[in-house]
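Input: a single structure, listed below in structure tokens.
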Amino acid sequence: MRISYPVSYPALLLTVLMVFSFGCSDGNDDSTEDSLPETPQPAEAIYFPPLEGSEWETVSMSELSWNTTAEQPLLDLLTDSDTKAFLILHKGKIAMEAYFDKFSRDSLWYWASAGKTLTAFTVGIAAEKNILNINNPTSQYLGVGWTTATADKEALITLRHQLTMTTGLKETGFDCITPGCLEYQSDAGTRWAYHNGPYTLLQKVVSEALNTSFSSFFNTYLRNKIGMDGAWITTNGENQVYFSTARSMARFGLLSLNNGVWDGEMLLSDTQFLENMKNTSQNYNKAYGYLWWLNGRDSYMLPGSGTSYDGPLIPNAPQDLIAGLGKNDQKLYIVPGKSLVVVRMGESSGEETQGPSGFDNQLWAKINDLID
């Protein structure tokens, strides 16, 4: 197996290889009225690839009546933007799969913040199993003093605030998870701010509630259930970043497209959590659910900015699109109305952002030319 890794993480190669080799063995709801009333369901049966092996059914673009003359312009954009891997699934079958720059189907890459979607789903599983309650104070799991806020202000922060980026903590030390970095700025639930530290601690919450590792729970109840590869690796000693093949990202996208059901097995049956996860989760950033980005809302906010912008997050994309979006343009798009899953892994297209970027709109312009 050839293992490719981002040039910014060369020191992690040995760790990734070791973890990958051994790891594979193995209610308050203040959603706003802007939420979509119901997630559109795929019109026909979804195909699921086998849990093991490389078999995966394909469907040709001509069968789908796609515009094949638009394929090369899309490939040109992907090449020019330093893409490593690109896939489109239609109803679970591979309609397009391309690899670039010596990258292959077996190469590993990092999800960056697109992996937040994995954590959200795993928290949902833990909540359904009554291991935790997202409406409970975080201090119930991490202990009093996990921030430098006063005890009464810290007690206001719940797991739901961590899922929705509304903890009210200052974004000082973006990835830092020690109490000294987690300072009070406003009451929980009164502002939206993209902040990695409180998000990362959700994994510790699951671990503390279970008295076992987050990775072990994730592997047992999510990764292995859908035939994913990969592992959670720390890139700076604080956060946990998921590394996997592009096909594994597509597998999770397929699970999400099918509303938590994999080939007849329901991995997450809490329909209320699923709906809340994929719809507006708070009153400030209408384009944000439980760690998922949402298109089709009438306004959105971006990481690092307290400004709300009018219009949808990705104007060129389908209105019902939801997405996992990570640093350097790691993309996982789900389009229920078109039964599509789209994956892009690679280097930055040119913008240094934590999630959404102008590349989303450029990419969807080319995808639209292909599928419409």
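Under this note's numbering, the residue at position 212 of the sequence shown is numbered 208, and the numbers go up by one with no gaps.
The beta carbon of each residue, even a glycine, is placed where N, CA and C say it ideally should be.
Assigned secondary structure, residue i (DSSP; H/G/I helix, E/B strand, else coil)
i	result
S17	Since pLDDT at S17 reaches only 39, below the 50 mark, its modelled position is unreliable, and the value read off the structure follows with that caveat. Correct three-state label for S17: helix.
T113	helix
Q358	helix
F239	strand
L47	coil
I130	coil
A145	coil
L71	helix
G322	strand
T168	coil
L104	coil
K89	strand
L317	coil
L60	coil
K125	coil
L178	coil
I330	strand
T54	strand
I367	helix
T349	coil
A66	helix
Beta-carbon proximity list for residue i, same chain, < 6 Å, skipping 5 on both sides
i	result
A361	N312
L290	A283, I318
G285	M273, K274, N275, S277
T160	S277, Q278
G256	L263, L264, L270
D97	none
S77	S345
F210	Q199, V202, S203
Y217	I121
L251	I222, W258
S304	S295, M297
Same chain, Cβ closer than 7 Å to residue i, five either side skipped, listed in chain order
i	result
E348	none
H157	T163, A184, G185
A377	Within the shown structure, residues of the chain are numbered from -3 to 368, placing residue 377 beyond reach of any answer.
C177	T168, G169, G193
P175	G141, W142, T143, T144
A116	L159, M273, Y286, L287, W288
W62	L366, I367
E234	D171, C172, I173, T196
K112	Y195, L287, G320
Q358	L73
CB of residue i within 8 Å of CB of residue j, strictly
i	j	result
V337	G249	yes
L85	T241	no
L253	P332	yes
L287	V201	no
M262	N281	no
W107	G322	yes
S345	D325	yes
Y43	E51	no
A66	L328	no
K80	M245	no
L197	I173	yes
H191	L152	no
A41	L60	no
E124	D225	no
G381	P299	No answer is possible for residue 381: it lies beyond the span of the chain, which begins at -3 and ends at 368.
K89	V119	no
Residues bridged to residue i [DSSP beta-bridge criterion]
i	result
V161	The sequence given here places Met at residue 161; Val does not occur at that position. Answer by DSSP bridge pairing: none, since M161 is not bridged.
F82	A94, R340
V119	According to DSSP, V119 bridges with nothing at all.
T154	P133
V140	In the DSSP output, where bridge partners are listed per residue, V140 has none listed.
W258	E261
Cβ neighbours of residue i in the same chain (closer than 8 Å, five flanking residues each side left out)
i	result
P69	K362, D365
T146	Y180
A122	L128, V202, A205, L206, F213
R247	P45, I222, G223, M224
D306	D294, S295
Taking only runs that begin and end inside the stretch 262 to 315, name each unbroken alpha helix (DSSP H) of 4 or more residues, in chain order. 267 to 273
Fully enclosed by the stretch 181 to 251, which alpha helix (DSSP H) runs are 4 residues long or longer? Every unbroken stretch of the alpha helix (DSSP H) spanning 4 or more residues and falling wholly within the stretch 181 to 251 is given here in chain order: 192 to 206, 210 to 214.
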